[in-house]
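Visitor: Structure incoming, see below.
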Amino acid sequence: MEAFRCNPVRGFLLDITGVLYNSSPNSLGRAIPGSIEAVNRLYSESRVRFVSNESSESRYDLAKKLVKLGFNLKEEHIFTPAPIAVRYLKQHALRPYLLVHQGALKEFADVVGEEPNCVLMGDAEETFSYDTMNQAFRVLAKLEDPLIVTVGFGKFYQRIDGPCLDVGGFAKALQYATDARIITIGKPAESFFMTAIDDMGLSKEDVVMIGDDIVSDIGGAMNVGIRAVQLRTGKWRSDWENHSIKPHLIANNLKEAVNTLLQYR
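Under my numbering, think of the first position of the sequence shown as 1, with each following residue one higher.
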């Protein structure tokens, strides 16, 4: 706890899936007990932004779902990689072959064109198939400098019905087959964390990242000088107690983490 005694916590970065709620393939999902209270307390007593690699739906749809689950939060406080990915594609004159969830297609409508010169991958869920992966492979195989842009790079995520493969494994398969470069937009990139921190008017030394992913949430934050708290919710695995990445704190859930950290303001 020394990391929090020495420097007050003035702002919070929260992951969403596995921290606020657990997702479900056939419903809105389920709020994790205590998380609604914790978010309310952060809005009243501190500053908070939500940083998620969510790529299966738009920010608007994600905010709408969270409100239906009982969260009192603002859409503009949610940061997802899709808008940043669109800016990157435009800046580099990239026309992607899209391998994303149907719910995210509208996010990339402005950058799709004929003769794709890269592949953009997100959490496509059922859109991942032999046919779609092979189409992506064929696009990359024709390029002199094949490029895969990923929205996040997770190994897996946790749903109510069990763990699910995330985009990282699919991207690695295409990279193996084509020797493509991979550029990841979203966590654990420093620029993604900083976009949300800057929006709070704080520096990275002022904030703490709270997440359920030991690599992209915790390791990503700590690698760039942000304090990090690992939760025992979402994709948490008990063997992470002995992981090489050592968070500043491990808490049972968001409510416990917030109650502890708000003592250091």
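The beta-carbon is built from N, C-alpha and C at its ideal position, and this holds for glycine as well.
State yes or no: is the C-beta of P198 within less than 7 Å of the C-beta of R10?
Guide: Note on identity: in this sequence residue 198 is Asp, with Pro being the wrong assignment. Not in contact: D198 and R10 (Cβ atoms no closer than 7 Å).
Visitor: What do you reckon, are the CB atoms on V167 and M121 nearer than 7 Å?
Guide: Yes.
Visitor: Considering only DSSP beta bridges, list what R181 is partnered with.
Guide: For R181, which the question treats as bridged, DSSP gives the partners L147.
Visitor: Smallest Cα separation from G103: which of L42, E54, E45?
Guide: Out of L42, E54, E45, E54 has the C-alpha closest to the C-alpha of G103.
Visitor: Starting from V51 and walking both ways along the beta strand (DSSP E), at which residues does that stretch end?
Guide: Looking at the DSSP string, the run of the beta strand (DSSP E) that includes V51 is 48 to 51.
Visitor: Using three-state DSSP, classify V19 as helix, strand or coil.
Guide: If DSSP states are grouped into helix, strand and coil, V19 belongs with coil.
Visitor: Contact between the stretch 108 to 128 and the stretch 66 to 76: three or more CB pairs below 8 Å?
Guide: Too few Cβ pairs lie closer than 8 Å, so no.
Visitor: Assuming F4 contacts R47 (C-beta within less than 8 Å), just tell me the rounded distance between them.
Guide: Not quite, the Cβ-Cβ distance comes to about 16 Å (not below 8 Å), so this is no contact.
Visitor: If distances are taken between C-alpha atoms only, which option among N117, G154, P25, F156 comes closest to F137?
Guide: For F137, the nearest C-alpha among the options comes from N117.
Visitor: Taking E57 as the reference, which of E126, W236, K106, R227 has the closest Cα?
Guide: That would be K106, whose Cα lies nearest to the Cα of E57.
Visitor: In whole angstroms, what is the alpha-carbon distance linking R30 and N253?
Guide: Cα-Cα distance, rounded: 14 Å.
Visitor: Contact defined as beta carbons within less than 8 Å: I believe V150 pairs with A171. What is the distance between those atoms, to the nearest angstrom?
Guide: For the record, residue 150 in the displayed sequence is Thr; it is not Val. So it is a contact: roughly 5 Å between Cβ atoms.
Visitor: In the DSSP output, what is F79 paired with across the bridge?
Guide: In DSSP, F79 forms a bridge with V51.
Visitor: By the DSSP assignment, the beta strand (DSSP E) with V208 in it spans what residues?
Guide: Run containing V208: 207 to 211, per the beta strand (DSSP E) assignment.
Visitor: On the DSSP letters alone, give me the boundaries of the beta strand (DSSP E) that V119 sits inside.
Guide: V119 -> beta strand (DSSP E) spans 118 to 121.
Visitor: Let's see if you can read the secondary structure: which residues bound the beta strand (DSSP E) around V229?
Guide: Unbroken beta strand (DSSP E) run through V229: 227 to 231.
Visitor: By DSSP's criteria, F156 is part of a beta bridge. Which residues make up the other side?
Guide: The partner list for F156 (beta bridge, DSSP) reads L165.
Visitor: Is the beta carbon of G186 less than 7 Å from the beta carbon of F192?
Guide: Yes; because the gap between Cβ atoms is below 7 Å, this pair is in contact.
Visitor: Sorted by chain position, which residues of the same chain lie with C-beta nearer than 7 Å to W236's C-beta, five sequence neighbours on each side aside?
Guide: So the list reads D212, once near-sequence residues are dropped.
Visitor: Mapping the DSSP letters down to three states, classify G11 as helix, strand or coil.
Guide: G11: strand per DSSP, three-state reduction.
Visitor: Please report the distance separating the alpha-carbon of Q157 from that of E76.
Guide: Before going further, note that residue 157 is Tyr rather than Gln in the sequence given. Those two C-alpha atoms are separated by around 24 Å.
Visitor: What does DSSP give as the partner residue(s) for P96 in the beta ladder?
Guide: P96 is bridged to C118.
Visitor: Could you give the distance in angstroms between the alpha-carbon of F153 and the alpha-carbon of V100?
Guide: If I take the Cα positions, the gap works out to 13 Å.
Visitor: On the three-state DSSP scale, how would you describe I84?
Guide: Of the three classes helix, strand and coil, the one that applies to I84 here is helix, per DSSP.
Visitor: Using a Cβ-Cβ cutoff of less than 6 Å, which residues in the same chain neighbour D86 once the five nearest sequence positions on both sides are dropped?
Guide: Here residue 86 turns out to be Val, not Asp, going by the sequence shown. Hits under 6 Å: V111.
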